[in-house]
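Trainee: Line order of the protein sequences matches chains B and V.
Under the working numbering, the first residue of the first sequence carries the number 1, and numbering increases by one thereafter.
Under the working numbering, the first residue of the second sequence carries the number 1001, and numbering increases by one thereafter.
Where a beta carbon is used, it is the ideal one built from N, C-alpha and C, also for glycine.
Below is a structure I'd like to ask you about.
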Amino acid sequence: MAYLSTTNFTEDKDFIDKWLYTIRTGEMDLSWMKSATEKISPEEANPRRGLTYRDLNLGTYGYTDIPEKVRANRSYAPRGAEIPDGVPDAQPWVSRKSELWAFNTESYYEEAMSRQWNATTDIPWDRLEGVELPEVTGKALSQLMTFLTEVEMIATDTPAMWLPRLNPDFIEVRSFIAAQAMDEARHAEVFRKRALTTGWGLMQASPINEMALKHLRDADSFSEMSVALHLVAEGNVLTMFRFSEYLSPTDVDKKIFRLVMQDEARHVGYGMQHFKYVLDHFPEKREVLHAHLDEAENISFAGAAATELTESFIILAGGGLKKENIEQGVRVTTQFNLKQMEEHFERLDKCGMPERKERSKLYKMYEMGRAAAENAGIKL
Amino acid sequence: MAISFPSTDYFEALKAQMAANEEKFRRLGFIDTTFGVTVGVNGKARNFILEFEVFDLKNVSEVPAIDLKKVDFQIEGDSQVWREMIENIRRNGEADSAHDINTLAHFGERLKIVYDDPDGHDKLYRFMESIQEFFDLSSKLEVSF
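Structure below.
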């Protein structure tokens, strides 16, 4: 047990006497009623939407005026509450707003809550009855689902492990991160369920995939994690989900990928808005972000080119293992790979980092891939 | 009476269907996006702007041209592709696996997604299921082309 209470209450005579005294006499302290906190009257801006966090952005309870460095609260006291002496230091790692804040954070959380879905009941699993995919396609689909389950398990762990490290004054970001962990757990669930309903069981774990994922999990700072996870990895995975939807052999798979892409796009949205926020408010962090991107792009390049993933896509896109199937599969998968990289640089450009292409090794890989595709007669 | 496509009447009819199926759209969640739909007809384009808010299509308008800075994204395609999609939805009750929006637009070969801001572009995917279900409501309409 890492934390021990500084008092052994069950042996503390004063504490026990006070407890028994209240039971015996009904006499109350009531000092908490004199809390010097603000009285406000929040209202729903739009009754169709309900009472949102944005509607609570008022006075000392609001998020607009959270200072860059939160020094006043290091406990679990909710923002705006009176903090009496004796509240323990919860030792949050992240107490700087720029380390985690994003434009519109609160609306990403509200959207996440309203767009939750259920992998057990919202997928028409019954439509898979009687569906038998050819062995090669079925195994490729199962390998894709095995790979994505691996991705989503670390994508669940990563935001979840940062939650207790975030200063509770950032409740909107904490809520979003908690919702993200739930989203990723559901993705791991739905991909595992689909892998096992292919009839071929799970296929193989991917060392390169896991190496890339471990980088996300072991980031040194929240901001580094967010750049690597929300912006780079999930940006790539969003393009991958859209591609997987495009390739899906059944309507059930289409539905799965449409639902997971919604969650993923929301996470990317948060990542972009966090990245913009940092660049807007702390231009001096630009070099640090470049350094984060150098590493994140390196591992994302490796993960996206993992054999277990690429070969599954080639088979699903081409429809089999005959020469003409493989040619078609390579053509479509290459188009997807290059599109994935293009969209990554498009996002960075719009976030305010247009110079990224010039120093990015991933961009050099993109140019190399593009030239190779053109030489191979692949239309881009 | 059949509703002509493309027209604001068509989108207004989908809007009415969306309201009539509120429970389904509530279940799918908030949809907060404004996007354009462009239908190429005989070398000319007809442009529509759809403004979604909370669970509803709030407003539909036809405009001479779409300013990409004022919408999240725009879905454009020839009237033949839109017609094929709507007829497919009418036949199946929903788009089949070859006719859903993402499949038709993925490589921009049939429908094309254009945008100014990638964050706006990503909203298509943030609200994908709601947008697909919205177009799938065409199954409840009689549409003429």
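#1: Based on the DSSP secondary-structure assignment, which residues constitute the bridge partners of Asn-1059 of chain V?
#2: Taking the straight line between their C-alpha atoms, what separation do you get for Trp-19 of chain B and Met-33 of chain B?
#3: Closer than 8 Å by C-beta to Met-261 of chain B: which residues in its own chain qualify, once you throw out the five before and the five after it? Chain order, please.
#4: Since Phe-1134 of chain V is in the alpha helix (DSSP H), which residue starts that stretch and which ends it?
#5: Label Phe-1145 of chain V either buried or exposed according to how many other C-beta atoms from any shown protein chain fall within 10 Å of its C-beta, with 16 as the threshold for buried.
#6: Mind checking the stretch 1045-1072 of chain V against chain D and listing, in chain order, the residues whose C-beta falls within less than 9 Å of any C-beta there?
#7: What does the alpha-carbon distance come out to for the pair Lys-97 of chain B and Asn-104 of chain B?
#8: Would you call the stretch 224-232 of chain B in contact with the stretch 267-275 of chain B, where contact means no fewer than 3 C-beta pairs closer than 8 Å?
#9: To the nearest whole angstrom, what separates the beta carbons of Gly-80 of chain B and Thr-60 of chain B, a pair I think is in contact under 8 Å?
#10: At 9 Å on the CB atoms, spell out the chain V contacts of Gln-340 of chain B, in chain order.
#11: Is the stretch 363-374 of chain B in contact with the stretch 1017-1030 of chain V, if contact means three or more CB pairs nearer than 8 Å?
#12: Determine, for Tyr-53 of chain B, whether the minimum Cβ-Cβ distance to residues of chain V falls below 8 Å.
#13: Give, in chain order, every residue of the stretch 1083-1114 of chain V whose Cβ lies closer than 8 Å to some Cβ of chain B.
#14: Report yes or no: is there a C-beta of chain V within less than 8 Å of the C-beta of Ala-238 of chain B?
#15: For the putative contact between Val-94 of chain B and Asn-167 of chain B, defined by C-beta atoms under 8 Å, what is the C-beta separation to the nearest angstrom?
#16: Quick check: what's the CA-CA separation for Lys-13 of chain B versus Thr-25 of chain B?
#17: How would you list, in chain order, the residues of chain B whose beta-carbon sits under 7 Å from the beta-carbon of Met-1159 of chain V?
#18: Kindly indicate which residue of V:Ile-1049, V:Thr-1033, V:Leu-1057 and V:Asp-1119 has the alpha-carbon position closest to the one of Ile-1066 of chain V.
#19: Excluding the 5 residues flanking Lys-1058 of chain V on each side, which residues of the same chain have their C-beta closer than 7 Å to its C-beta?
#20: Report all residues from its chain with a CB closer than 8 Å to the CB of Glu-110 of chain B; omit the five preceding and five following residues, and keep chain order.
#21: Nearest chain B C-beta to Gly-1029 of chain V closer than 8 Å, yes or no?
#22: Does the CB of Gln-1132 of chain V have a neighbour CB from chain B at under 8 Å?
#23: Helix, strand or coil, according to DSSP, for Leu-1111 of chain V in the structure here?
#24: Figure out for me which residue from B:Ile-16, B:Glu-210, B:Ile-40 and B:Thr-198 has the closest Cα to the Cα of Ala-302 of chain B.
#25: Hey, is the stretch 1108-1120 of chain V in contact with the stretch 1006-1021 of chain V, meaning 3+ C-beta pairs nearer than 8 Å?
#26: Anyone know if the C-beta pair for Ile-1003 of chain V and Ala-1013 of chain V falls short of 8 Å?
#27: By alpha-carbon positions, which one of B:Arg-71, B:Thr-310 and B:Gly-235 ends up nearest to Ala-170 of chain B?
#28: Could you tell me which residues DSSP pairs with Leu-166 of chain B in its beta bridges?
#29: Which bits of chain B does Tyr-1125 of chain V rub up against, with CB to CB less than 7 Å?
#30: Examine chain V for any beta-carbon lying closer than 8 Å to the beta-carbon of Arg-331 of chain B, and answer yes or no.
#31: Tell me where the alpha helix (DSSP H) around Thr-334 of chain B begins and ends.
#32: Using only alpha-carbon positions, find the residue among B:Glu-234, B:Ser-114 and B:Ile-256 that is nearest to Phe-191 of chain B.
#33: Hey, Ala-1105 of chain V and Ile-1075 of chain V are a contact pair by Cβ (cut 8 Å); roughly how many whole angstroms apart?
#34: Under 7 Å between beta-carbons, which chain V residues line up against Ser-248 of chain B? List them in chain order, please.
#35: With DSSP run on the structure shown, which of helix, strand or coil describes Thr-7 of chain B?
#36: Answer yes or no: do Arg-1110 of chain V and Val-1081 of chain V have a C-beta to C-beta separation smaller than 8 Å?
Mentor: In this structure, then:
#1: Numbered from 1 along the second sequence, position 59 holds the residue referred to as residue 1059 of chain V. Per DSSP, V:Glu-1051.
#2: Here the question's residue 19 of chain B lines up with position 19 in the first sequence. Here the question's residue 33 of chain B lines up with position 33 in the first sequence. Computed Cα separation, rounded: 19 Å.
#3: Working through the first sequence from its first residue, we reach residue 261 of chain B at position 261. The residues are Leu-238, Phe-241, Arg-242 and Glu-245.
#4: Stepping through the second sequence from its first residue, residue 1134 of chain V is reached at position 134. Here the alpha helix (DSSP H) through Phe-1134 of chain V covers 1128-1136.
#5: Looking up residue 1145 of chain V in the second sequence gives position 145. Exposed, since its Cβ has fewer than 16 Cβ neighbours within 10 Å.
#6: No chain D is part of this structure, whose protein chains are labelled B and V.
#7: In the first sequence, the residue the question calls residue 97 of chain B occupies position 97. In the first sequence, the residue the question calls residue 104 of chain B occupies position 104. Each residue's alpha carbon lies about 14 Å from the other.
#8: yes
#9: Position 80 of the first sequence, counting from 1, holds the residue named residue 80 of chain B. Position 60 of the first sequence, counting from 1, holds the residue named residue 60 of chain B. Between Thr-60 of chain B and Gly-80 of chain B the Cβ distance is about 5 Å, and since that is below 8 Å, they are a contact.
#10: On the first sequence, residue 340 of chain B is found 340 positions in, with the first residue counted as 1. Those within 9 Å of Gln-340 of chain B in chain V number zero; the least Cβ separation is about 12 Å.
#11: no
#12: Locating residue 53 of chain B in the first sequence gives position 53, counting from the first residue. No, Tyr-53 of chain B does not count as interfacial toward chain V.
#13: Asp-1096, Ser-1097, Asp-1100, Asn-1102, Thr-1103, His-1106 and Phe-1107
#14: Taking the first sequence and counting its residues from 1, the one referred to as residue 238 of chain B is at position 238. Inspection of the sequence shows that residue 238 of chain B is occupied by Leu rather than by Ala. Answer yes: the Cβ-Cβ gap between Leu-238 of chain B and chain V drops below 8 Å somewhere.
#15: Position 94 of the first sequence, counted from the start, is the residue given in the question as residue 94 of chain B. Position 167 of the first sequence, counted from the start, is the residue given in the question as residue 167 of chain B. So it is a contact: roughly 6 Å between Cβ atoms.
#16: Reading the first sequence from its first residue, position 13 is the one you call residue 13 of chain B. Reading the first sequence from its first residue, position 25 is the one you call residue 25 of chain B. Cα to Cα, the separation comes out at about 18 Å.
#17: Chain V is shown from 1001 up to 1145; residue 1159 of chain V falls before or after that span and cannot be answered.
#18: What you label residue 1066 of chain V is simply residue 66 of the second sequence in a count that begins at 1. Checking every option, the nearest Cα to that of Ile-1066 of chain V belongs to V:Ile-1049.
#19: Your numbering for residue 1058 of chain V matches position 58 in the second sequence. Excluding sequence neighbours, Lys-1058 of chain V sits near Glu-1051 and Phe-1052.
#20: Reading the first sequence from its first residue, position 110 is the one you call residue 110 of chain B. Arg-49, Thr-52, Tyr-53 and Arg-54, listed in sequence order.
#21: Indexing the second sequence from 1 puts residue 1029 of chain V at position 29. Yes, Gly-1029 of chain V counts as interfacial toward chain B.
#22: Taking the second sequence and counting its residues from 1, one reaches residue 1132 of chain V at position 132. Yes, Gln-1132 of chain V lies at the interface with chain B (some Cβ there is under 8 Å from its Cβ).
#23: Within the second sequence, residue 1111 of chain V is the residue found at index 111, counting from 1. Here Leu-1111 of chain V sits in strand by DSSP.
#24: On the first sequence, position 302 is the one that residue 302 of chain B refers to. Minimum Cα distance to Ala-302 of chain B is reached at B:Glu-210.
#25: no
#26: Counting from 1 along the second sequence, the entry for residue 1003 of chain V is found at position 3. Counting from 1 along the second sequence, the entry for residue 1013 of chain V is found at position 13. Cβ atoms of Ile-1003 of chain V and Ala-1013 of chain V: closer than 8 Å.
#27: Mapped onto the first sequence, residue 170 of chain B falls at position 170. The question names Ala, yet the displayed sequence has Phe at residue 170 of chain B. Nearest option by C-alpha distance: B:Arg-71.
#28: Walking along the first sequence from the start, residue 166 of chain B turns up at place 166. According to DSSP, Leu-166 of chain B bridges with B:Val-94.
#29: Within the second sequence, numbered from 1, the residue matching residue 1125 of chain V stands at position 125. Here the neighbours are Leu-238, Arg-242, Met-261, Gln-262 and Ala-265.
#30: Mapped onto the first sequence, residue 331 of chain B falls at position 331. Not closer than 8 Å to any Cβ of chain V, the Cβ of Arg-331 of chain B fails to qualify, so no.
#31: The residue you call residue 334 of chain B lines up with position 334 of the first sequence. Per DSSP, Thr-334 of chain B belongs to the alpha helix (DSSP H) from 323-351.
#32: Counting from one through the first sequence, the residue named residue 191 of chain B turns up at place 191. When each option's Cα is compared against that of Phe-191 of chain B, the closest is B:Ile-256.
#33: Reading the second sequence from its first residue, position 105 is the one you call residue 1105 of chain V. Reading the second sequence from its first residue, position 75 is the one you call residue 1075 of chain V. Going by Cβ atoms, the distance from Ala-1105 of chain V to Ile-1075 of chain V rounds to 7 Å, so yes, they are a contact pair.
#34: Translated into the one-based positions of the first sequence, residue 248 of chain B becomes position 248. Within 7 Å Cβ-Cβ: Ser-1097.
#35: Here the question's residue 7 of chain B lines up with position 7 in the first sequence. It is coil, neither helix nor strand.
#36: On the second sequence, residue 1110 of chain V is found 110 positions in, with the first residue counted as 1. On the second sequence, residue 1081 of chain V is found 81 positions in, with the first residue counted as 1. For Arg-1110 of chain V and Val-1081 of chain V, yes; Cβs fall inside 8 Å.
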